[in-house]
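Enquirer:
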Amino acid sequence: MSRLRRVAVTSPQTRLAMARHHPGVRRHLPHLAPSDLERARRVHRAQLRRALVAVGLLATLMIGLPALLAGFPELDRVRFAGVPVSWLALGVLPYPLLVLLAWWQLRRAEDVERRRDSP
8 MSRLRRVAVT SPQTRLAMAR HHPGVRRHLP HLAPSDLERA RRVHRAQLRR
58 ALVAVGLLAT LMIGLPALLA GFPELDRVRF AGVPVSWLAL GVLPYPLLVL
108 LAWWQLRRAE DVERRRDSP
């Protein structure tokens with residue numbers, strides 16, 4: 008019985024694939040047509056701007072929620088099912104908000120690509 012040899016499959020455009028040196032094999036770096044390159048740069052810039060907005064909202068949520076709760080220490084005395092409301096707000100509230108933020112960012116990034124694809 009022969010054993011099959013495992014082979015790692017990578018895109019020829021990845022840095023790892025380009026970094027491997029195979030003697031006697033000539034490598035060509037991928038090139039885009041000038042129009043495709045400019046389109047890729049526009050899409051990248053637009054998506055980067057939208058991503059920075061999402062990161063700003065994420066920072067506001069992660070820093071703002073504890074700061075807001077620190078401003079209202081009386082929430083430590085209010086309990087729901089025996090657990091302080093402030094703990095619930097820190098331990099439960101961020102996750103649905105993070106899912107919504109991720110969904111919103113994904114839709115915005117896809118919209119950029121769709122608009123750039125249309126003539």
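Start counting the sequence shown at 8; every next residue gets the next number (our numbering).
Ideal placement from N, C-alpha and C gives every residue a C-beta, glycine not left out.
(1) Would you say the beta carbon of F79 comes nearer than 7 angstroms to a heavy atom of the ligand SAM?
(2) Which residues in the same chain as S93 place their Cβ atom closer than 7 angstroms to its Cβ, once the five residues preceding and following it in sequence are excluded?
(3) Do R57 and A116 have their CB atoms nearer than 8 angstroms?
(4) What does V90 pair with, by DSSP beta-bridge criteria?
(5) For the alpha helix (DSSP H) containing P41, name the first residue and the last one.
(6) Report the rounded CA-to-CA distance for L44 versus T67, giving the unit in angstroms.
(7) Can you look up L100 in the DSSP assignment and give me helix, strand or coil?
(8) Report the rounded CA-to-CA distance for L55 versus G71, giving the unit in angstroms.
(9) Measuring alpha carbon to alpha carbon, tell me which of L39, P91 and L97 ends up nearest P73.
Expert: Inspection of the coordinates gives the following:
(1) Absence of the ligand SAM is noted for the structure shown, with no ligands found whatsoever.
(2) L76, L82 and D83
(3) yes
(4) F87
(5) P41 to G78
(6) 34 angstroms
(7) In this structure, L100 counts as coil in the three-state DSSP scheme.
(8) 23 angstroms
(9) L97
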